[in-house]
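S.K.:
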Amino acid sequence: MNLQTYLLAKFKAALVAIGAPEDSPAPLSRSTRAGFGHYQFNGAMALSKVLKQKPRDIADKIVAAVEFTDEVEKLEVAGPGFINIHLSPAWLAKQLKQANADERLLIEAESAQTVVVDYSSPNLAKEMHVGHLRTTIIGDAVVKTLEFLGHKVLRQNHMGDWGTQFGMLITHLNDKLAADSAAETALSDLEDFYRAAKVRFDDEDGFADRARENVVKLQSGDPECIVLWKTFVDVSIKHSEEVYKKLNVSLKREHIMGESAYNDDLAPTVAELKQKGIVVEDQGAQVAFLQELADKEGNPAVYIVQKSGGGYLYATTDLAAIRYRNNVLKADRTLILTDARQALHFKQTEIVARKAGFIKPEQSYEHCPFGMMLGNDGKPFKTRTGGTVKLAELLDEAVERAAVLINKRESDLTADEREVIANKVGIGAVKYADLSKNRTTDYIFNWDTMLSFEGNTAPYLQYAYTRIQSIFRKAGVNAEALQADMQLQAEQELVLAVKLLQYVEAIKQVSSDGTPHVLCTYIYELASFFMSFYEACPILKDGIDEPTKNSRLMLAQLTAKTLKSGLELLGIETMEKM
RNA sequence: GGUUCCAUAGCUCAGCUGGAUAGAGCAACGCCCUUCUAAGGCGUGGGUCGAAGGUUCGAAUCCUUCUGGGACCGCCA
1 MNLQTYLLAK
11 FKAALVAIGA
21 PEDSPAPLSR
31 STRAGFGHYQ
41 FNGAMALSKV
51 LKQKPRDIAD
61 KIVAAVEFTD
71 EVEKLEVAGP
81 GFINIHLSPA
91 WLAKQLKQAN
101 ADERLLIEAE
111 SAQTVVVDYS
121 SPNLAKEMHV
131 GHLRTTIIGD
141 AVVKTLEFLG
151 HKVLRQNHMG
161 DWGTQFGMLI
171 THLNDKLAAD
181 SAAETALSDL
191 EDFYRAAKVR
201 FDDEDGFADR
211 ARENVVKLQS
221 GDPECIVLWK
231 TFVDVSIKHS
241 EEVYKKLNVS
251 LKREHIMGES
261 AYNDDLAPTV
271 AELKQKGIVV
281 EDQGAQVAFL
291 QELADKEGNP
301 AVYIVQKSGG
311 GYLYATTDLA
321 AIRYRNNVLK
331 ADRTLILTDA
341 RQALHFKQTE
351 IVARKAGFIK
361 PEQSYEHCPF
371 GMMLGNDGKP
381 FKTRTGGTVK
391 LAELLDEAVE
401 RAAVLINKRE
411 SDLTADEREV
421 IANKVGIGAV
431 KYADLSKNRT
441 TDYIFNWDTM
451 LSFEGNTAPY
461 LQYAYTRIQS
471 IFRKAGVNAE
481 ALQADMQLQA
491 EQELVLAVKL
501 LQYVEAIKQV
511 SSDGTPHVLC
521 TYIYELASFF
531 MSFYEACPIL
541 KDGIDEPTKN
551 SRLMLAQLTA
561 KTLKSGLELL
571 GIETMEKM
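Quick note, the first sequence lines up with residues 1 to 578 if you use full-length UniProt numbering.
1. Determine the burial state of Asp118: buried for a count of at least 16 other Cβ atoms within 10 Å of its Cβ, exposed for fewer.
2. Once the 5 residues before and after Arg325 are set aside, which same chain residues still bring their CB inside 6 Å of it?
3. Below 8 Å CB to CB, which residues in the same chain sit around Met1 once its five sequence neighbours on both sides are set aside?
4. Under 7 Å Cβ to Cβ from Arg155, same chain only, skipping five residues before and after it: list those, please.
5. Between Leu228 and Ile170, is the Cβ-Cβ spacing less than 9 Å?
6. Give the DSSP bridge partners of Lys312, in chain order.
7. Let me check understanding here. Comparing Cα to Cα, which of Lys12, Gly35, Ala261 lies closest to Val63?
8. Could you check whether the region 12–31 touches the region 519–530, counting it as contact only if at least three pairs of C-beta atoms, one from each stretch, sit closer than 8 Å?
9. How long is the line joining the alpha carbons of Ile567 and Lys390, rounded to whole angstroms?
10. So is Gly543 buried or exposed if we call it buried at 16+ other beta carbons inside 10 Å?
11. Report yes if the C-beta distance between Gly514 and Ile137 is below 9 Å; otherwise report no.
12. Please tell me whether Leu374 and Tyr432 are closer than 9 Å, where the distance is taken between their beta carbons.
13. Can you check DSSP and say which residues form a bridge with Val116?
14. Nearest-angstrom Cα distance between Asp60 and Ser48?
15. In this structure, does DSSP put Asn123 in helix, strand or coil?
16. Looking at the strands, I want to know which residues DSSP matches up with Asp339.
17. Return helix, strand or coil for Gly160, following the three-state DSSP convention.
18. Quick one: using the 10 Å Cβ neighbour count with 16 as the cut-off for buried, is Thr32 buried or exposed?
19. Should Glu127 go down as buried or exposed, given a rule of 16 or more other Cβ atoms within 10 Å for buried?
20. When you compare the CB positions of Ala340 and Thr440, do they come within less than 9 Å of one another, or not?
21. Expressed to the nearest angstrom, what Euclidean distance is found between the alpha-carbon atoms of Leu563 and Ala479?
22. DSSP state of Asn214, grouped into three classes?
23. Leaving out the 5 sequence neighbours to the left and right, which residues in its chain are closer than 6 Å to Met450 when beta-carbon positions are compared?
24. Quick one: what's Arg30 bridged to in DSSP?
25. Tell whether a beta-carbon distance below 9 Å holds between Gly19 and Ala44.
26. Which whole-angstrom value is the C-beta distance of Gly167 and Asn214, which I expect to be below 8 Å?
27. Cutting at 7 Å between CB atoms, please list the residues of its own chain near Ser532, excluding the five before and the five after it.
28. Taking the CB atoms as reference points, tell me whether Glu573 and Gly428 lie closer together than 9 Å.
29. Rounded to the nearest angstrom, how far is the Cβ of Ala353 from that of Leu319, given a contact under 8 Å?
30. Going by alpha carbons, who is nearest to Phe530 out of Leu435, Tyr463, Ser565, Leu482?
31. When the Cα of Asp485 is compared with those of Val477, Thr548, Gly476, which residue comes out closest?
32. Assign Ile278 to one of three DSSP states: helix, strand, or coil.
33. Output the boundary residues of the beta strand (DSSP E) element that contains Glu76.
34. Measuring alpha carbon to alpha carbon, tell me which of Ala285, Ser436, His129, Gln487 ends up nearest His239.
35. Whether or not the region 409–426 and the region 354–364 are in contact is what I'm after, with contact meaning three or more pairs of Cβ atoms, one per stretch, closer than 8 Å; do they touch?
36. Using the Cα positions of Phe207 and Leu273, report the straight-line distance between them to the nearest angstrom.
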């Protein structure tokens with residue numbers, strides 16, 4: 001049941017009935033405050049001019065024309081012509097009972113699409129740092145939401161496993177191995193390894209030349225270089241996998257489709273672009289001039305697909321990736337989660353790819369950008385100036401902090417239980433702090449905010465869930481077997497009930513816009529409404545009659561299911577106790 | 001120079017395709033634990049939505065200009 005679309009259909013029919021034009025706007029939204037009902041229909045004002053009638057008169061006619069049976073308790077016209085929709089508690093109770101009996105919480109699947117989601121994509125030359133958090137976490141939440149709605153999702157981890165820097169790295173690795181060091185040991189800290197290689201590249205006689213030679217050899221498929229490269233990449237991937245595991249992210253090895261995977265297709269891609277006249281030679285390079293993105297004077301934007309020396313660039317790789325995703329993977333939609341700095345690049349890439357027919361008109365190509373991570377001083381985190389925070393270390397710190405907090409509290413939890421909880425709480429807090437922000441602009445990375453466990457945070461949501469579990473333990477009731485009629489009496493019950501039925505609205509928006517923060521907001525409000533209900537509406541206390549008790553248990557149960565479902569989509573774990 | 005994104009409470013952020021008195025969290029200040037877990041609840045204070053015009057029944061939201069900031073712009077990704 002989707003309340004919004006259900007009501008909207010009714011009102012659209014009513015508009016037709018009163019003789020409004022076919023495509024009249026039909027704005028129906030959640031009400032902004034309690035006194036204005038649950039939803040409001042604001043279409044009357046806009047129709048005033050078209051129908052040449054007073055907006056309030058139109059509103060009255062709509063109210064008379066709209067056909068409801070038992071869904072609505074009352075419709076009232078207010079202000080200039082708002083129609084406030086008050087849903088009937090009995091009808092809402094019926095919907096909730098059905099939702100509670102349904103595994104999918106009565107959320108119908110969308111018509112399935114094949115969706116490619118390109119996310120995480122770390123550079124294997126270095127260790128994952130806090131800058132990789134957003135793409136990894138947001139991407140994973142979007143992926144899980146799309147899957148929940150019935151889509152076929154293909155995760156693509158477009159790892160940076162190719163490029164000139166690997167010449168330097170494999171040369172350094174070669175020397176380390178020659179000095180009898182094991183690859184795992186030499187590469188135990190990628191950051192150190194990279195720094196050491198860079199120092200040698202800059203300072204050591206002959207090293208830079210050897211590195212450059214190795215790049216050429218690597219690109220021409222020299223077996224020795226390939227072995228070194230594979231060794232390096234393999235160890236680096238293992239580092240990433242550890243982070244993914246800690247983060248509770250669903251990315252696996254089979255989702256890796258690194259830049260190197262497209263090597264063989266780069267030349268054919270450029271050849272096709274040349275053949276179609278989309279790129280031309282300019283100053284020795286293969287270039288597309290894009291009139292679509294010209295400046296005021298009419299100078300076209302420049303997009304290089306092949307360097308003057310014949311080398312390829314990320315533009316080439318991205319175009320080849322598009323061909324693969326559309327031709328082989330048959331993507332209906334492609335979502336790419338990278339930082340906002342690459343917005344122009346992807347806009348250009350799409351224009352070129354569409355011209356070349358790599359993307360068909362019915363296929364979408366959506367860059368989902370987000371801002372950079374800034375330090376407390378508002379300046380960007382720099383990667384090689386010592387300011388880098390390794391992702392693995394951030395996560396460990398989060399878990400430690402959570403453990404300290406848990407150990408301060410009195411409880412009957414065992415040491416093992418505490419450890420599991422500390423992990424879920426700490427990791428959840430880090431993920432939620434990031435997921436709950438949508439801004440495409442930069443955002444301030446603050447250790448304390450990110451690891452805070454109070455207010456609008458993951459622990460708050462997890463806590464709400466455990467409170468419900470605690471009620472069921474105490475009641476000795478099997479939550480699954482619970483079958484009772486619901487009665488929504490207290491205001492807190494009604495507010496919670498409507499919120500529960502709006503879950504579908506939140507996740508549909510996440511799937512269409514790629515914005516998990518909408519789901520975060522929803523879950524937080526749901527948890528918050530539950531907390532108020534919990535304080536105001538006793539369940540197991542003396543003097544609560546059986547029907548009320550069972551009704552409230554049902555409400556609590558559906559809240560728990562919804563919280564758990566939503567948190568799962570966000571990649572945040574729940575627990576029975578905390 | 002060009003393109004583009006942004007500016008909302010002391011701080012960090014929401015605000016859906018324009019809708020009624022702009023919302024949270026943190027911080028501050030009050031209450032509420034012999035009663036279902038106080039990582040909680042209830043309440044108070046705090047905003048000329050960067051500025052000025054415009055569009056209209058109605059603007060934080062759309063358009064223009066300005067101010068301030070960020071990012072990007074032919075061989076890095």
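Positions of the beta carbon are idealized from the N, C-alpha and C atoms, including for glycine.
M.R.: Concretely, from the data shown:
1. With 16 or more other Cβ atoms inside 10 Å of its own Cβ, Asp118 counts as buried.
2. Answer for Arg325: Val116, Ala331, Thr334, listed in chain order.
3. Counting only Cβ-Cβ distances below 8 Å, and skipping sequence neighbours, we find Gln95, Gln98, Ala99, Leu106, Leu501, Val504.
4. Residues Val117, Val143, Leu251, His255 of the same chain have their beta carbon placed closer than 7 Å to that of Arg155, with the five preceding and five following residues left out of the count.
5. For Leu228 and Ile170, yes; Cβs fall inside 9 Å.
6. Residue identity differs from the one stated: residue 312 is Tyr in this sequence, not Lys. Per DSSP, Gln306.
7. Closest by alpha carbon: Lys12.
8. As far as the Cβ criterion goes, the region 12–31 does not touch the region 519–530, which means the pair count is below three.
9. Here residue 567 turns out to be Leu, not Ile, going by the sequence shown. If you take the alpha carbons of Leu567 and Lys390, they lie about 25 Å apart.
10. Gly543 should be labelled exposed.
11. Contact annotation: Gly514 and Ile137 have beta-carbon atoms that are not nearer than 9 Å.
12. Not a contact, by the Cβ cut-off of 9 Å.
13. For Val116, which the question treats as bridged, DSSP gives the partners Leu154, Thr334.
14. In a straight line, the C-alpha of Asp60 is about 12 Å away from that of Ser48.
15. In this structure, Asn123 counts as strand in the three-state DSSP scheme.
16. When beta bridges are read from the DSSP output, Asp339 appears opposite Phe370.
17. Gly160 falls in the strand class under three-state DSSP.
18. Burial check for Thr32: the Cβ neighbour count within 10 Å stays below 16, so the residue is exposed.
19. Here Glu127 is buried, its C-beta having at least 16 other C-beta atoms within 10 Å.
20. Contact flag set, yes.
21. For Leu563 and Ala479, the distance between alpha carbons rounds to 15 Å.
22. In the three-state DSSP reduction, Asn214 falls in the helix class (H, G or I).
23. Beyond the five residues adjoining it in sequence on each side, Met450 comes within less than 6 Å, by CB distance, of Val430, Ala433 in the same chain, given in chain order.
24. In the DSSP output, where bridge partners are listed per residue, Arg30 has Tyr39.
25. Ala44 sits away from Gly19, with the two beta carbons spaced by 9 Å or more.
26. By a beta-carbon distance limit of 8 Å, Gly167 contacts Asn214. Their separation comes to about 4 Å.
27. Residues Gln492 of the same chain have their beta carbon placed closer than 7 Å to that of Ser532, with the five preceding and five following residues left out of the count.
28. Result yes, Cβ atoms of Glu573 and Gly428 sit closer than 9 Å.
29. Contact holds; Cβ gap of about 6 Å.
30. Measuring from the Cα of Phe530, the nearest candidate turns out to be Tyr463.
31. With distances taken between Cα atoms, Asp485 lies closest to Thr548.
32. Ile278 falls in the coil class under three-state DSSP.
33. Residues 72–78.
34. The residue with the shortest Cα to Cα distance from His239 is His129.
35. Look at the beta carbons and you see the region 354–364 not touching the region 409–426: under three pairs across the two are nearer than 8 Å.
36. Each residue's alpha carbon lies about 37 Å from the other.
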